[in-house]
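Student:
In this note's numbering, the protein residues as written are 776 to 1085.
#1: How is the alpha helix (DSSP H) around residue 932 delimited, first residue to last?
#2: If we ignore side chains and look at the alpha-carbon of each, how far apart do residue 865 and residue 952 end up?
#3: Evaluate contact between the region 916-924 and the region 1001-1021, counting only Cβ atoms and requiring at least three cross-stretch pairs below 8 Å.
#4: In the DSSP output, what is residue 1044 paired with across the bridge?
#5: How long is the line joining the alpha carbons of residue 998 and residue 847, rounded to whole angstroms?
#6: In this structure, does DSSP put residue 1108 in helix, strand or coil?
#7: Are the region 808-816 and the region 906-922 in contact at 8 Å, needing three or more beta carbon pairs?
#8: Determine the DSSP secondary structure at residue 791, reduced to helix, strand or coil.
#9: Please classify residue 776: does DSSP put it in a helix, a strand, or coil?
#10: Assuming residue 898 and residue 820 form a contact by the criterion Cβ under 8 Å, report the distance between their Cβ atoms to the nearest whole angstrom.
#11: What three-state label does DSSP hand residue 839 in the structure shown?
#12: Which stretch, first to last residue, makes up the alpha helix (DSSP H) that contains residue 898?
#13: Just checking my contact of residue 859 with residue 918 at CB under 8 Å: how many whole Å lie between their CB atoms?
#14: Check this for me: beta carbons of residue 967 and residue 928, under 7 Å apart or not?
#15: For residue 1161, report the span of its alpha helix (DSSP H) as first-last.
#16: Can you grab the Cα-Cα spacing for the pair residue 940 / residue 985, in whole Å?
#17: Is residue 956 near residue 1074, with beta carbons less than 7 Å apart?
#18: Taking just the CA atoms, how far does residue 825 sit from residue 895?
#19: Can you give me the Cβ contacts of residue 867 inside the same chain, cut-off strictly under 6 Å, excluding the 5 residues immediately before and after it?
#20: Mind listing, in chain order, the continuous alpha helix (DSSP H) runs of no fewer than 4 residues lying wholly within the region 980-1005?
#21: Along the chain, where does the alpha helix (DSSP H) containing residue 1017 start, and where does it finish?
#22: Assuming residue 872 and residue 1014 form a contact by the criterion Cβ under 8 Å, report the distance between their Cβ atoms to the nearest whole angstrom.
#23: Do you know whose CA, among 854, 960, 1018, 801, lies nearest residue 814's CA?
#24: Note down the Cα distance separating residue 781 from residue 1072, rounded to an integer number of angstroms.
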């Protein structure tokens, strides 16, 4: 059962998220701009981290290594995201995803509410840890593995973002990015993002208030929504992530560098950076490696059947 302190922190976190996103929407709709959409997403994350960490609890936040580890890793992750998105917004001077919806009150509002939902749902393991009354200075093997994995996810995303940005600045040599970590993964930034929130959920396990452990705690199981929602957004939503980068949007690569890109695609994992992907059996690529058929590019057949007789 959720304790009063946990319920209060979760409730106020939802209120903070709604306040930030609705305020951003009102200003953005009035000015007809999406320039600070991503930036306020980053601000939302930081606000939730600071609020859940600084609110008075049964023990001092600074004395609990679980709370410190989770919050510091979360702040590192989202601080980088905020800096990167702010830089990208400045470089692009806008976001074409909003060209057709920012004049529509309802659709534009939904976009802001979806961002708020993502910010809150990703943050629930961190809120779970910071609102827990459990205090322990002992790190289990799972805690260590999760903390290291969380950190590796941050580094993977940061390195991928920086290498891709440098490649773009230099004129997009080769037509598609194969620099650094991009030579071992087609989307290392998305892999890093997903890895972070799976590790965040596992790191929250030891903070369960259930005597039997996290496996018997419905609230800890609810926190799995963080990595699952992240994977849904990055893998299934057409306007972003893999669904936006792969599939029919690969046309530009096949038009300009068909042979070279086909070779790169066959030998490079869609997510997890690795060597030897070309030797992985197709049924494993289509299952555990998440390289699904709908991410393939299928040229449209516009050839008319002429002189066809019944």
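Built from N, CA and C at the ideal position, the CB exists for glycine as well.
Tutor: Short version:
#1: 916-944
#2: 22 Å
#3: no
#4: 960
#5: 18 Å
#6: Residue 1108 is absent from the structure shown; the chain starts at 776 and stops at 1085.
#7: no
#8: helix
#9: Confidence is the limiting factor: at residue 776 the pLDDT is only 44, short of 50, which leaves the residue's position unreliable, though a coordinate-based value still follows. Residue 776 falls in the coil class under three-state DSSP.
#10: 6 Å
#11: coil
#12: 880-905
#13: Contact flag wrong, Cβ pair sits at about 28 Å.
#14: yes
#15: The chain is shown from 776 up to 1085; residue 1161 falls before or after that span and cannot be answered.
#16: 45 Å
#17: no
#18: 13 Å
#19: none
#20: 993-997
#21: 1016-1020
#22: 5 Å
#23: 854
#24: 47 Å
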